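Sequential numbering from 3 applies to the sequence shown in our numbering. Here's the structure we're looking at; comments come further down.
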Amino acid sequence: MSRKIACITLDVEADFKDPGGRILLFEDEALLNRYARIIEENGAKVTAFLVTSLLDRYGDRYRRLGELIPVEFEIHSHAHDVRDPCSRVDIEAAVSAFRGFAGRDPTGYRAPWGNVTREGLDTLLDLGFRYDSSIYPSFRPGRLGCNNLHLPVGPFTITRDAKSIIEVPFACLSGVRMVFSLSYVKMLGWRTFEALMKVFPLPDQVAVLSHPYDHYFQLLPYDISGWEEPLLRRNAGSAFELLEKMLRFLRARGYEFEVMSSMCDYLATSPLPEFSIEKVIRERSR
Ligand SMILES: [Zn+2]
Numbered sequence: 003m004s005r006k007i008a009c010i011t012l013d014v015e016a017d018f019k020d021p022g023g024r025i026l027l028f029e030d031e032a033l034l035n036r037y038a039r040i041i042e043e044n045g046a047k048v049t050a051f052l053v054t055s056l057l058d059r060y061g062d063r064y065r066r067l068g069e070l071i072p073v074e075f076e077i078h079s080h081a082h083d084v085r086d087p088c089s090r091v092d093i094e095a096a097v098s099a100f101r102g103f104a105g106r107d108p109t110g111y112r113a114p115w116g117n118v119t120r121e122g123l124d125t126l127l128d129l130g131f132r133y134d135s136s137i138y139p140s141f142r143p144g145r146l147g148c149n150n151l152h153l154p155v156g157p158f159t160i161t162r163d164a165k166s167i168i169e170v171p172f173a174c175l176s177g178v179r180m181v182f183s184l185s186y187v188k189m190l191g192w193r194t195f196e197a198l199m200k201v202f203p204l205p206d207q208v209a210v211l212s213h214p215y216d217h218y219f220q221l222l223p224y225d226i227s228g229w230e231e232p233l234l235r236r237n238a239g240s241a242f243e244l245l246e247k248m249l250r251f252l253r254a255r256g257y258e259f260e261v262m263s264s265m266c267d268y269l270a271t272s273p274l275p276e277f278s279i280e281k282v283i284r285e286r287s288r
């Protein structure tokens, strides 16, 4: 029987529209402790994908998080640049900065906005990355949208000639293909997800997305205007409680919490569905 494994992933980037590029979670000890306590009390582990241009500023604070909870670090680009999200130059810069921080090469990658391109995947394959976790197996309209309905909701392998890389898509309900992330749970409410998940279960192995600012959007001390604001503000004051609900739900459904590298160890024990890089990229309408 397939093991049920949940990885809580944290995309460590500047807070939403923060003019100073700051991350409150790593500046406010009380917030960091609250986050760490919830992760710890629920027996969870975190895989933190780092925007490596912020390492000089926050590297010591990331290590502090590592003292509080089990956390594994990987990369989430160097510059988090919406215009060119995963160029070879950016990924190589991220690898170099990460080496200086962690003393090892990164093995996992997440593209900004999940917008992994052919160039991004080619670079990951060339550099020998073990996994990518960037694909929303869903449909979303708009400039930063995606259409990945041709891809599975569970993990699969992306191949290019003799090389391959594991893809762990963002956690998404089967059937309806609704993303199961902290921001979506806040936006749509727990009761909606609870009802949907009875009919449309999650895959057995999931990477659940969160960002630092998902946990404290109401505390951001600057003007945030734009169409996203009312959506991001919904249930903002209950974010920590909703995170706990998600963790408890996963445990009750038999999921074990692991970091991404441990999930990949498990995934390597049996064959995954395979998709060529052309199949993954060609049919995406971006
Ligand atoms: Zn990001």
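Just so you know, even glycine gets a beta-carbon here, dropped at the ideal spot from N, CA and C. Since the structure is predicted, the reported quantities are computational estimates derived from the model, not experimental observations.
Item: Alpha carbons only, please: which of Gly144, Leu127, Ile40, Val187 is nearest the one belonging to Thr159?; Value: Leu127
Item: When a residue counts only if its C-beta is closer than 6 angstroms to some heavy atom of ligand 1, which residues count, in chain order?; Value: Asp13, Glu15, His78, His82, Pro114
Item: What does the alpha-carbon distance come out to for the pair Asp134 and Gln207?; Value: 14 angstroms
Item: Provide the residue(s) that pair with Arg162 in DSSP beta bridges, ordered along the chain.; Value: Lys165
Item: List the endpoints of the continuous beta strand (DSSP E) containing Val73.; Value: 73–77
Item: Taking the alpha-carbon positions, what's the Pro171 to Ala32 distance?; Value: 32 angstroms
Item: Rounding to the nearest angstrom, what Cα-Cα distance links Trp192 and Leu184 in this structure?; Value: 10 angstroms
Item: Using beta-carbon positions only, say whether Leu245 and His213 come within less than 9 angstroms of one another.; Value: no
Item: Could you name the residues of the same chain whose beta carbon sits closer than 6 angstroms to that of Val261, not counting the 5 residues immediately before and after it, in chain order?; Value: Lys47, Thr49, Glu74
Item: Near Cys148, what residues of its chain come up, given a Cβ to Cβ distance below 6 angstroms and the 5 sequence neighbours on each side ignored?; Value: Tyr138, Arg142
Item: Which of the three DSSP states is assigned to Ala81 in this structure?; Value: coil
Item: Within a Cβ cutoff of 8 angstroms, which residues of the same chain sit near Ile226, ignoring the five residues on either side of it in sequence?; Value: Phe18, Lys19, Leu234
Item: Which same chain residues end up closer than 8 angstroms to Arg132 when comparing Cβ atoms and leaving out the 5 residues on each side of it in sequence?; Value: Thr109, Gly110, Ile167, Ile168, Ser263, Cys266
Item: Please tell me whether Pro157 and Leu274 are closer than 9 angstroms, where the distance is taken between their beta carbons.; Value: yes
Item: Return the Cβ separation of Glu258 and Arg90 in integer angstroms, given the expectation that the two are a contact with Cβ distance under 8 angstroms.; Value: Not quite, the Cβ-Cβ distance comes to about 36 angstroms (not below 8 angstroms), so this is no contact.
Item: Per DSSP, what kind of secondary structure is Tyr111 in: helix, strand or coil?; Value: strand
Item: Grouping DSSP H, G and I as helix and E and B as strand, with all else coil, what is Arg284?; Value: helix
Item: So if DSSP puts Asn149 in a beta bridge, which residue, or which two residues, is it bridged to?; Value: Phe141
Item: Under 7 angstroms Cβ to Cβ from Phe187, same chain only, skipping five residues before and after it: list those, please.; Value: Note on residue identity: the sequence assigns Val, not Phe, to residue 187. The answer, listed in chain order, is Phe195, Leu244, Met248.
Item: Within 10 angstroms of the Cβ of Ala98, are there 16 or more other Cβ atoms? Answer buried if so, exposed if not.; Value: According to the sequence shown, residue 98 is Ser rather than Ala. When all chains shown are included, Ser98 counts as exposed.
Item: By how many angstroms is the C-alpha of Arg24 removed from the C-alpha of Thr11?; Value: 19 angstroms
Item: What do you get for Ala209, buried or exposed, if any count of 16 or more other CB atoms within 10 angstroms of its CB means buried?; Value: buried
Item: Just curious, the alpha helix (DSSP H) that Val97 is in, first and last residue?; Value: 90–104
Item: Can you have a look at Leu60 and say buried or exposed, based on whether 16 or more other CB atoms are within 10 angstroms of its CB?; Value: One point to set straight first is that residue 60 is Tyr, not Leu, in the sequence displayed. Under this definition Tyr60 is a buried residue.
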